[in-house]
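Taking the working numbering, I'd label the letters of the sequence shown as residues 1266 to 1533. All residues carry an ideal CB built from backbone N, CA and C; glycine is no exception. Single-structure report; data block below.
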Amino acid sequence: MAADPRPQVLAGGTDFMVEVNYDHRRPTAVMSLRRVDELRGWRRHGDRLTVGAGLRYVDMLESEFEVSAPALAQAARTVGSPQIRNTGTIGGNVATASPAGDTLPVLYALDAEVTVSSTRGDRVVPIQELIVGPKRTTLAPDELIVSISIPVSKGPQEFLKIGVRNAMVIAVASVALVVDGDNRHIGCALGSVGPTIIRCSEAEAMAEAEIDWDRLHLPDPRVYETFGAMCAAASSPIDDHRSTSRYRRHGVYVLATRALMRAFEPGA
Ligand SMILES: Cc1cc2nc3c(=O)[nH]c(=O)nc-3n(C[C@H](O)[C@H](O)[C@H](O)COP(=O)(O)OP(=O)(O)OC[C@H]3O[C@@H](n4cnc5c(N)ncnc54)[C@H](O)[C@@H]3O)c2cc1C
């Protein structure tokens, strides 16, 4: 990539080839990552996971991965169809930087760090600094996303998504929620309701203050709806061909309320 900037990077091709088909992209050369095994796996070191950029959605459904990163597994389960899950990768989802990318709210809620490499060396970038707008990143043309670092799950996690049907849809709204019982922290982020993923810092702080952390219990059930309303207030949706802003905001309210309830009342 350093020697010749022309080849465009191809991972699973599930975004790339759509752009080629619609004539939005005309590559003169392509560099496929498919046989770069180093990008594929995932490893656990202590309480962090390093997820290779080439990890496919189908790999995230393996039970060992799901135990360590339940919300990523839940997001992976909602992506596309079996064909898309068999080839699409997490690195491609991050590089595409769509506000509807399903792994992204989870990565924001987990404060993920992305390792990016070039012949100039590696840099580790917080996900919210790598993605700077709809389909815009700070990746230089010669840089490759190599891996993504996230904390191992230390409490309940949820990813919930609304679309016009249950499979093969782009999210109209999505919510990721992670509870970190060790550090007494809540992370919550919204997809498809703003130009980039939105973090719900005020709702997180409110819920953190209400939780009985010693028992991992939420004593006041009114907090669920207050949390949902605060997340809806943080959203910034637009009207488009997929939905109205009003429906999207209501969707966030319902999903965020439900996510917190499921985290603290299993079976809810
Ligand atoms: C039918 C269909 C259904 C879909 N459903 C969903 C869905 O439900 N949810 C969802 O989030 N997405 C969905 N998508 C979009 C797509 O599958 C995902 O965004 C997927 O993660 C893209 O990964 P990929 O490996 O296919 O990337 P590619 O298409 O190969 O690449 C996408 C972009 O990322 C760049 N890139 C890839 N890997 C790297 C890397 N390591 N470093 C730097 N740049 C890189 C490429 O150059 C390209 O610009 C769907 C797509 C289709 C066609």
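Restricting attention to alpha helix (DSSP H) runs no shorter than 4 residues, the stretch 1442-1530 encloses them at 1466-1475, 1487-1499, 1510-1529, ordered along the chain. Distance from the Cα of S1457 is smallest, within the candidate group G1446, V1440, H1450, V1444, for V1440. Per DSSP, the unbroken beta strand (DSSP E) holding R1309 starts and ends at 1307-1310. The C-alpha of E1469 lies about 11 Å from the C-alpha of V1488. Rounded to the nearest whole angstrom, the CA to CA distance from T1352 to M1526 is 33 Å.
DSSP places L1409 in the uninterrupted beta strand (DSSP E) bounded by 1409-1416. The C-alpha of L1409 lies about 6 Å from the C-alpha of V1381. Those residues whose C-beta sits under 5 Å from the nearest heavy atom of ligand 1 are, from N- to C-terminal order along the chain, V1274, L1275, A1276, G1277, G1278, T1279, D1280, F1281, A1318, V1344, G1345, I1349, G1353, T1354, G1356, G1357, N1358, A1360, T1361, G1366, D1367, L1409, I1410.
CA-to-CA, the gap between V1301 and S1333 works out to about 24 Å. Around the CB of G1532, fewer than 16 other CB atoms lie within 10 Å, so the residue is classed as exposed. In terms of Cα proximity to V1397, the closest of D1387, A1360, A1432 is A1360.
Three or more beta-carbon pairs separated by less than 8 Å link the stretch 1325-1343 to the stretch 1360-1370, which places the two stretches in contact.
Runs of the beta strand (DSSP E) lying entirely within the stretch 1297-1357, each at least 3 residues long, are 1307-1310, 1313-1317 in chain order.
In its chain, beyond the 5 residues on either side, A1338 have a beta carbon closer than 6 Å to the beta carbon of E1331. Nearest to L1375 by alpha-carbon distance, out of S1508, R1523, C1453, is C1453. Contact check for I1451 and A1472: beta-carbon distance about 5 Å, within the 8 Å limit, so the pair qualifies. For I1415, the closest of Q1348, T1293, P1335, C1496 by C-alpha to C-alpha distance is P1335. In this structure, the alpha-carbon of K1419 lies about 18 Å from that of A1474. L1404 sits in coil when the DSSP states are folded into three classes, being neither helix nor strand. Within the same chain, and ignoring the five residues on either side of I1349 in sequence, the residues whose Cβ sits closer than 6 Å to its Cβ are T1279. Here DSSP, grouped into helix, strand and coil, assigns I1392 to helix.
Of the residues assessed, T1354 falls on the buried side of the cut-off, its CB having 16 or more other CB atoms within 10 angstroms. Within the same chain, Cβ atoms closer than 6 Å to the Cβ of I1413 are found at V1316, A1377, V1379, the five residues on either side in sequence being excluded. For V1285, the uninterrupted alpha helix (DSSP H) segment begins and ends at 1281-1286.
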